[in-house]
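Q:
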Amino acid sequence: MIRSLLLATAALAIASPSLASSRAAIVPAPASDTPREGAFSLDARTVISAPANDAQAQASARYLADLLARSRGLKLAVRAPKAGERAIVLERGGPAGEAYGLTVAPQALTIRSSGDAGLFYGAVTAWQLATATPGKGAVVLPARVIEDAPRFGWRGLMLDSARHFQDVAFVKGLIDRMALSKFNTLHWHLVDDQGWRLEIKKYPKLTEVGAWRVPAGTAAAADIDPKTGKPRVIGGYYTQDQVREIVAYAAARHITIVPEIETPGHAHAPIVAYPQLGSAASPPTATSGDWGVFPYLYNVDETTFAFLDDVLTEVVALFPSRYIHVGGDEAVKDQWKSNPAVQARMKELHIGSEAQLQGWFISRIEQMLKAKGRKLVGWDEILEGGVAPDATVMSWRGIDGAIIAAKLGHDTILSPAPTLYLNHRQTNSPEEMPGRGQVVGLKEVYDYEPMPAALNADEQHHVLGVQANLWTEHVRTQDRAPLMYYPRATALAETAWSPAARKDWGDFADRLPVELDRYRSLSLPFGEAALKARALAAPSGAGAQVTLLGAEDVGQIRYTIDGSAPSPAARAYKAPFDVPLGTTVRAQAFRGQAALAPASATVIDARAARTRVSQDLKSCTQGIVLNLEDDGPVRGERARFLVDVMNPCWIYERADLSGVAEIEAAVGQIPFNFQIGADVEKIKFRPPATPAGELEVRQGSCEGAVVATLPLAPAAKSDGVTVLKAPLKGAGRADLCFSFTQKALEPLWVLDRVTLVTGHDR
Ligand code: ACM
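Using the numbering used here, read the sequence shown as starting at 229 and increasing by one per residue.
1) Output the boundary residues of the alpha helix (DSSP H) element that contains K603.
2) From what residue to what residue does the alpha helix (DSSP H) around F535 run?
3) Using CA coordinates, which residue listed in G556, R926, G864, V373 is at the minimum distance from A619?
4) From which residue to which residue does the alpha helix (DSSP H) around F589 run?
5) Would you say the beta carbon of E612 is closer than 7 Å to some non-hydrogen atom of ligand 1?
6) Do W977 and ligand 1 come close, with the Cβ less than 7 Å from some heavy atom?
7) Tell me which residue opens and which closes the alpha helix (DSSP H) that D735 is part of.
8) Verify whether the separation of the beta carbon atoms of W977 and G932 is less than 8 Å.
9) Can you give me the C-alpha to C-alpha distance between A797 and S657, rounded to a whole angstrom?
10) Answer yes or no: the CB of E558 versus the heavy atoms of ligand 1, is any distance below 7 Å?
11) Name the DSSP bridge partner or partners of V673?
12) Curious, which full-length beta strand (DSSP E) runs of at least 3 residues does the stretch 603 to 647 contain?
13) Just how far apart, CA to CA, sit L426 and L434?
14) Give the C-beta separation of S409 and A696 to the nearest angstrom, bearing in mind that I take them to be a contact with Cβ-Cβ under 8 Å.
15) At what residues does the alpha helix (DSSP H) containing M712 begin and finish?
16) Note down, in chain order, each residue of its chain lying with its Cβ closer than 6 Å to the Cβ of E542, except the 5 sequence neighbours on either side.
17) Does the beta carbon of W607 fall short of 7 Å from some heavy atom of ligand 1?
18) Just curious, the alpha helix (DSSP H) that M386 is in, first and last residue?
19) Quick one: Cα of A616 to Cα of W382, how far?
20) Sorry if obvious, but does the Cβ on A619 come closer than 7 Å to a heavy atom of ligand 1?
21) Using three-state DSSP, classify I891 as helix, strand or coil.
22) Buried or exposed for S792, please, with buried defined as at least 16 other CB atoms from any protein chain shown within 10 angstroms of its CB.
23) Once the 5 residues before and after F902 are set aside, which same chain residues still bring their CB inside 7 Å of it?
24) Whole beta strand (DSSP E) runs in the stretch 282 to 336 with 3 or more residues, listed along the chain?
25) Tell me the DSSP bridge mates of Y880?
26) With a cut-off of 8 Å, do at least 3 Cβ pairs link the stretch 671 to 689 to the stretch 724 to 740?
27) In this structure, how does DSSP classify E503 when only helix, strand and coil are distinguished?
28) CA-CA distance, A267 and K364?
29) With a threshold of 8 Å, are at least 3 pairs of Cβ atoms found where one atom belongs to the stretch 560 to 578 and the other to the stretch 621 to 636?
30) Compute the distance between the beta-carbons of Y526 and T491, then report whether it is under 8 Å.
31) Does at least one heavy atom of ligand 1 sit under 7 Å from the Cβ of A497?
32) Is R863 helix, strand or coil by DSSP?
33) Among Q563, I593, D529, Q504, whose alpha-carbon lies nearest the alpha-carbon of V539?
34) Which residue's Cα is closest to the Cα of S299: S581, T849, L744?
35) Excluding five sequence neighbours on each side, which residues of the same chain lie with their C-beta closer than 6 Å to the C-beta of A333?
36) Reducing DSSP to helix, strand and coil, say where S847 ends up.
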């Protein structure tokens, strides 16, 4: 068995990286940073000062004091300095808006901006200078002059609170973190098929009904709530008081919250609450724990527009944002096509297609927003069927939406899938959180250039900025969200803030360990799995060949096989190497002298060399893979399976069959809770030979001869994974293909891991 020991974070070898230049380790990198002679000593006697009658400057001074206290343990007084006292001085004048100047000189660190946001960002940079060297207490800051201003005005992250709900403290925590990276926009996805999360006083059922659901799967269905005698529901919503509190919290950190109220699709939850809003002949009667694209659309009755107008009236009263997001994506038109009232309305309006009806629908909403003094933003589907006159387009299906929008004279925001969709895994490590299976690594996010080359200088002015999105279908618990956002959001922050010419992957990677230490100093979690080294073994002669994986593009893996902890001086991993069975391989990724994550320790034994988890198996086809969490047990650890739900089939490449006597497979079942319309017909299974079905193992190819059959009956009643065994004999190396026989789609059988057991292990 592979055993991974995680060494304590405290044991990390910490040292500042040798920076390629004398620039400070600030993330996002400032526009210009020029070293000067001398240094500023920051210690507990340093004071922070701001003009006495300037509430915003005072707030930024206190914000800096709080950050320094929490990260460095330096408790600085916020007051006017006495003669001769060293001070961090926030002062007015100079750059406007979000821009600021910062000077570090022996007697003072001065932050200057005439803008409130500029002073705030200067304070964030001052904190980063004070934490560029890890540790607690006093620190010496080399003198420098920084001139800084953002590249883009829209520097966004999206949080999907509809698919899974996060509490108020989480949202505030995300806002806090965004401020540290100079993000200024939180796009808050509050409505989707699976949940309506915003209290609307006029329509209480939106949250009484639409904010709660029974999760998919048999485990949740069997989890009866003693209070109701029915399956326990999950969910929640934000009261208007809570929203006001969050909006104010964000504003204090110079972050605008742009709420999203989805129309005309992704409307299952509100239609369950108020069926008269829908277009289907038989409206849905229960909220749903399915994912995918639901067919339910709002109808186009005037009463429905009145409802949306009422909702938006309450929305704009809560959110001062200039922009209100109204969705517009993935509205499949089947229900509009088959609804006589919708068709009659189209005739009356001389609208020739359902796509144009959507254009008309979104234009109606734009008029409502305009009347309330706001601007509409929508996903790029709003370009289809006639774009509303002043709409801003968020380009997610690649960048074409942004190009078309800008060429038509519309503002646009770049948020393309998959690169800026942080619901994708950032590593194929089995420790990685559930999410979409295609890996979107840190470097891919960093390297993303948002300005489309197809736009001329005039058109480029329509590009407001860039945004990364966290959809939460597979982010079941809120503690996992930061592990998906970070550190990739930090990489995007640099794209959003720093001048394009300042971007340099190697330089960013040099600054990364410092930034990660800042997170550690504030106890802010981030996705460490992608930065960890891990060992994957395969049989080799009497021993095993070890491949080390992890921290690709970011660091150098170093390892030991003598029991000692890896250090920056340990052997650098270059290529797979052989070890005797029983060896413990300790591996850790470093950037220069700095460890990126804790070390792993893997005992390489005969089982480890012949075990593959689903994440290390190959998918049989080029379909979309998901890293899905089991639906059970309801409480406690759940398995994670990498699976193509359209073709659940895995290949163990070049498996060593010599001496193998038996195969062990750990299998699980998951609900098929994907709304994929007619595509469901494309999913094919071989028919089962026994009532519960079988796992079939084929050799050579997926059409090859069956070499082992594992009946599923012993696993049929289990909520978790079950280990099945069957004899398997072979010789040499061959690909093994694994697939399940099934009568029906539900539940879907999935492979967790497979071990080839030699006669000699048994
Ligand atoms: C989207 O991902 N449907 C905007």
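Even glycine gets a Cβ: it sits at the ideal position worked out from N, Cα and C.
The structure displayed is predicted, hence computed values, not measured ones.
A: Taking the definition as stated:
1) Position 375 of the sequence shown, counted from the start, is the residue given in the question as residue 603. Element bounds for K603: not the alpha helix (DSSP H) but the beta strand (DSSP E), 603 to 607.
2) Reading the sequence shown from its first residue, position 307 is the one you call residue 535. Its alpha helix (DSSP H) spans residues 530 to 546.
3) Within the sequence shown, numbered from 1, the residue matching residue 619 stands at position 391. The shortest Cα separation from A619 among G556, R926, G864, V373 belongs to G556.
4) Here residue 589 corresponds to residue number 361 of the sequence shown, with the count starting at 1. Where F589 is concerned, the enclosing alpha helix (DSSP H) stretches over 582 to 599.
5) Along the sequence shown, read from residue 1 onward, the residue named residue 612 stands at position 384. No; taking the cut-off as 7 Å, the Cβ of E612 has no heavy atom of ligand 1 nearer than that.
6) Taking the first residue of the sequence shown as 1, we reach residue 977 at position 749. Incorrect: W977 has no Cβ contact closer than 7 Å to ligand 1.
7) Taking the sequence shown and counting its residues from 1, one reaches residue 735 at position 507. Per DSSP, D735 belongs to the alpha helix (DSSP H) from 733 to 749.
8) Translated into the one-based positions of the sequence shown, residue 977 becomes position 749. Translated into the one-based positions of the sequence shown, residue 932 becomes position 704. No, these two residues do not count as a Cβ contact at 8 Å.
9) Here residue 797 is taken as the residue at index 569 of the sequence shown, counted from 1. Here residue 657 is taken as the residue at index 429 of the sequence shown, counted from 1. In a straight line, the C-alpha of A797 is about 25 Å away from that of S657.
10) Translated into the one-based positions of the sequence shown, residue 558 becomes position 330. At least one heavy atom of ligand 1 is nearer than 7 Å to the Cβ of E558, so yes.
11) As a position in the sequence shown, residue 673 is number 445, starting the count at 1. V673 is not bridged to any residue.
12) 603 to 607, 620 to 623, 640 to 642
13) As a position in the sequence shown, residue 426 is number 198, starting the count at 1. As a position in the sequence shown, residue 434 is number 206, starting the count at 1. Roughly 8 Å separates the two Cα atoms.
14) Sequence index remark: in the sequence shown, residue 409 carries index 181 (1-based). Sequence index remark: in the sequence shown, residue 696 carries index 468 (1-based). The pair is not a contact, with the Cβ atoms about 11 Å apart (cut-off 8 Å).
15) Reading the sequence shown from its first residue, position 484 is the one you call residue 712. Counting along the chain, the alpha helix (DSSP H) containing M712 begins and ends at 709 to 713.
16) Taking the first residue of the sequence shown as 1, we reach residue 542 at position 314. Hits under 6 Å: I428.
17) The residue labelled residue 607 in the question sits at position 379 within the sequence shown. W607: yes, Cβ under 7 Å from ligand 1.
18) Position 158 of the sequence shown holds residue 386. It is not in any alpha helix (DSSP H) - M386 instead sits in the beta strand (DSSP E) that spans 382 to 388.
19) Numbered from 1 along the sequence shown, position 388 holds the residue referred to as residue 616. Numbered from 1 along the sequence shown, position 154 holds the residue referred to as residue 382. Using only the alpha carbons, I get a separation of about 21 Å.
20) Taking the sequence shown and counting its residues from 1, one reaches residue 619 at position 391. Every heavy atom of ligand 1 is 7 Å or more from the Cβ of A619, so no.
21) Residue mapping note: residue 891 aligns to position 663 of the sequence shown, counting from 1. Note: I891 maps to strand in three-state DSSP.
22) For the purposes of this step, residue 792 is identified with residue 564 of the sequence shown, where counting begins at 1. It counts as exposed.
23) Here residue 902 refers to the residue found at position 674 when the sequence shown is read from its first residue. Within the same chain, F902 has close Cβ partners D518, W519, G520, V873.
24) Whole beta strand (DSSP E) segments, 3+ residues: 315 to 319, 328 to 332.
25) Translated into positions along the sequence shown, residue 880 becomes position 652. L964.
26) yes
27) What you label residue 503 is simply residue 275 of the sequence shown in a count that begins at 1. In the sequence as presented, Glu is not what sits at residue 503; that position holds Pro. Three-state DSSP puts P503 in a helix.
28) Translated into the one-based positions of the sequence shown, residue 267 becomes position 39. Translated into the one-based positions of the sequence shown, residue 364 becomes position 136. In a straight line, the C-alpha of A267 is about 18 Å away from that of K364.
29) no
30) By 1-based counting over the sequence shown, the position of residue 526 is 298. By 1-based counting over the sequence shown, the position of residue 491 is 263. Yes, the Cβ-Cβ distance between Y526 and T491 is below 8 Å.
31) Looking up residue 497 in the sequence shown gives position 269. Not under cutoff, so the answer is no.
32) Numbered from its first residue, the sequence shown carries residue 863 at position 635. If DSSP states are grouped into helix, strand and coil, R863 belongs with coil.
33) Stepping through the sequence shown from its first residue, residue 539 is reached at position 311. Considering only alpha carbons, the answer is I593.
34) If you number the sequence shown from 1, residue 299 lands on position 71. When only C-alpha atoms are compared, the closest one is L744.
35) Mapped onto the sequence shown, residue 333 falls at position 105. Taken in chain order, the residues that qualify are A371.
36) Numbered from 1 along the sequence shown, position 619 holds the residue referred to as residue 847. The answer is strand: DSSP assigns S847 an E or B state.
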